[in-house]
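Below is one structure, written out as structure tokens; the observations come after it.
Chains as they are written, first to last, in this note's numbering: chain A, 214 to 331; chain B, 1165 to 1274.
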């Protein structure tokens, strides 16, 4: 299957700093990527849909100025958590969409990035 | 996640069958999915079913869909220790956004 990578896999930062997380589709081109946030023992919550070459679409309640998304190429989307605070600590997971040619678009998920803000 | 509900835990003996249940609320769902998440990792798609199907079988996995009751289940035959993980059901409604349940933690005991 298609492979999606994320970098870094974990990061610890001080409160007030900004952190960039990269999501790459390694062997396919993804016009659409998704960013999720997962709290411990909870479901994945969709934060935003990232479309190559256009602005991201944010879900209700997600601050677009806080979570900056850039999808500059068909294989790379970045999520920048600006002025991070301890409540931003979470597991961030991206996915990249690929058409299976059956009418189903499968989302391939990255391994996630554990962000801890001190 | 609030539109998709799952039981949180399931313990099963190695070699037995596991059945994970899920209910959803949106009758316009087009596809329903089962994902597996191992500790500290992302999600892996196990299988999916189109909403006009009742059943899909893929090796040890059997998906049953009762559209009338909006109930989805995943049966894992001959459960192995490597099947211990969190299993998420998810629905999509044609725009390919996924709505996930909270996940069922499956523990396989020897």
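Using N, Cα and C, we set each Cβ at its ideal position, and we do this for glycine too.
Every value quoted in this text rests on a predicted model; they were computed, and no experiment measured them.
| Query | Result |
| --- | --- |
| Count the other CB atoms within 10 Å of the CB of residue 1254/B; is the residue buried (16 or more) or exposed (fewer)? | buried |
| Between the C-alpha atoms of residue 327/A and residue 233/A, what's the straight-line distance to the nearest angstrom? | 12 Å |
| Suppose you measure from the CA of residue 222/A to the CA of residue 290/A; what does that come to, to the nearest Å? | 15 Å |
| Going by beta-carbon coordinates alone, are residue 1252/B and residue 256/A separated by less than 8 Å? | yes |
| For residue 263/A, decide whether its Cβ has a neighbour in chain B, counting only Cβ atoms nearer than 8 Å. | no |
| Should residue 1271/B and residue 1256/B be called a contact, given that it needs their Cβ atoms to be closer than 8 Å? | no |
| List the residues of chain B that residue 324/A touches, going by C-beta distances under 9 Å, in chain order. | 1204, 1205, 1206 |
| Can the beta-carbon of residue 1196/B be found closer than 8 Å to that of residue 1184/B? | no |
| Just list the alpha helix (DSSP H) runs in the stretch 252 to 322 of chain A, keeping only unbroken ones of 4 residues or longer that don't cross its boundaries, in chain order. | none |
| Please identify the residue among 1274/B, 1273/B, 1267/B whose C-alpha is closest to the C-alpha of residue 1198/B. | 1267/B |
| Closer than 8 Å, CB to CB, is residue 1220/B near chain A or not? | no |
| Within the continuous beta strand (DSSP E) that includes residue 326/A, where are the two ends? | 326 to 330 |
| Strictly by DSSP, which residues pair up with residue 1214/B? | 1195/B |
| What residues match up with residue 233/A in a beta bridge as DSSP calls it? | 293/A |
| Along chain A, which residues have their Cβ under 7 Å away from the Cβ of residue 1264/B? | 256, 257 |
| Can you confirm whether residue 191/A, when its beta carbon is compared against all beta carbons of chain B, has any partner nearer than 8 Å? | In the structure as shown, chain A begins at 214 and stops at 331. Residue 191/A is therefore absent and cannot be evaluated. |
| In or out: residue 323/A buried (at least 16 other Cβ within 10 Å) or exposed? | buried |
| Looking at the C-beta of residue 1252/B, does it have a partner C-beta in chain A at a distance below 8 Å? | yes |
| If you run the structure through DSSP and keep just helix, strand and coil, what is residue 1165/B? | Unreliable placement is indicated for residue 1165/B, whose pLDDT of 43 sits below 50; no coordinate value is reported for it. |
| How many Å lie between residue 1165/B and residue 1264/B at the Cα? | Bear in mind that the predicted position of residue 1165/B carries a pLDDT of just 43, short of 50, making it unreliable; the figure below should be weighed with that in mind. Those two C-alpha atoms are separated by around 5 Å. |
| From the beta carbon of residue 1165/B, is the nearest beta carbon of chain A less than 8 Å away? | At residue 1165/B the pLDDT is 43, less than 50, meaning the model places this residue with poor confidence; the figure from the coordinates comes in the next sentence. Yes, residue 1165/B counts as interfacial toward chain A. |
| Can you give me the start and stop residues for the beta strand (DSSP E) that residue 1224/B sits inside? | Note, residue 1224/B: premise wrong, no beta strand (DSSP E); not H, not E. |
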